[in-house]
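>
Residue numbers (the working numbering): 82 to 303.
Below, the structure written as structure tokens:
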């Protein structure tokens, strides 16, 4: 009888530990979701000849925007935050993950705890996407959406005006040469009317004055 009782105690203890572990796992891996926008430094939707000429020498930079609608990481709420990452590599981002470097831009209202969690989130969940995070800057971020139009302003560092295509099927699949760096289902393409960036950290700058089919928009889940 004592052996049976001791066995039941062990079983109950094991079950309790499993429940605690499961709950901890749920907290640590709670889904973070929202809207995503990506601007590349090459046309992602274009003719074959134009794609070929850009593929080897171009496409080394991208701007990634995560507008978080809900979610926590390490028990810290990230709801309402906008994360902007500018990524640069030595070669086209489709060819080169090893030399990717990035700067993260966060709004000044972000708390120190949130900033630390955002960096950990990127390094844990999206390290292959952003590469080495070389700097985190707090700067005024204005990200607005009006119907099919998006506008992003990051201080005096980055400006991006976007006109999104109406739907996922509004393009010809055989002329789409890239996939988004973020995991999104049925990405909708778009066109940037203004896209300029200048910051001393990555030693890169650009000003795409002409409209470019270089935009992906969609929903993300981390």
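By construction, the Cβ of each residue, glycine as well, lies at the ideal position given by its N, Cα and C atoms.
Please determine, among 284, 124, 195 and 189, the residue with the shortest C-alpha to C-alpha distance to residue 218.
Considering only alpha carbons, the answer is 189.
> Sort 220, 137, 246 and 160 by Cα distance to residue 149 and report the nearest one.
Among 220, 137, 246 and 160, the Cα nearest to that of residue 149 belongs to 160.
> Residue 182: buried (16+ other C-beta within 10 angstroms of its C-beta) or exposed?
Answer is buried; the Cβ neighbour count reaches 16.
> Can you tell me where the alpha helix (DSSP H) with residue 206 in it begins and where it stops?
Residue 206 -> alpha helix (DSSP H) spans 193 to 206.
> Spatial neighbours of residue 222 within its chain, please: CB distance less than 7 Å, with the 5 preceding and 5 following residues excluded, ordered by chain position.
So the list reads 163, 165, 186, 188 and 235, once near-sequence residues are dropped.
> Helix, strand or coil for residue 129? Go by DSSP, reduced to three states.
Three-state DSSP puts residue 129 in a helix.
> Check whether the stretch 202 to 209 and the stretch 242 to 261 are in contact - that is, three or more C-beta pairs closer than 8 Å.
No, they do not touch.
> Tell me residue 122's beta-bridge partners as DSSP assigns them.
Beta-bridge pairing links residue 122 to no other residue.
> In this structure, how does DSSP classify residue 280 when only helix, strand and coil are distinguished?
Three-state DSSP puts residue 280 in a strand.
> Count the other CB atoms, across all protein chains shown, that sit within 10 Å of the CB of residue 290; report buried if there are 16 or more and exposed otherwise.
It is exposed - the Cβ of residue 290 has fewer than 16 other Cβ atoms within 10 Å.
> So the candidates are 158, 286, 211 and 193; which of them puts its Cα closest to the Cα of residue 177?
Among 158, 286, 211 and 193, the Cα nearest to that of residue 177 belongs to 211.
> Roughly how far, in whole angstroms, is the beta-carbon of residue 201 from the beta-carbon of residue 147, given that I think they are within contact range, below 8 Å?
Wrong, their Cβ atoms sit about 14 Å apart, outside the cutoff.
> With residue 132 and residue 258 assumed to form a contact (beta carbons below 8 Å), what rounded beta-carbon distance in angstroms separates them?
The Cβ separation is near 5 Å, so the contact holds.
> For residue 209 and residue 228, what's the separation of their Cα atoms in angstroms?
Those two C-alpha atoms are separated by around 32 Å.
> Could you spell out where the beta strand (DSSP E) holding residue 138 opens and where it closes?
Neither: residue 138 is in no beta strand (DSSP E) and is coded neither H nor E.
> Could you please give the first and the last residue of the uninterrupted beta strand (DSSP E) stretch that includes residue 242?
Its beta strand (DSSP E) spans residues 239 to 245.
> Kindly identify the DSSP beta-bridge partner or partners of residue 169.
DSSP output for residue 169 lists 142 and 182 as bridge partner(s).
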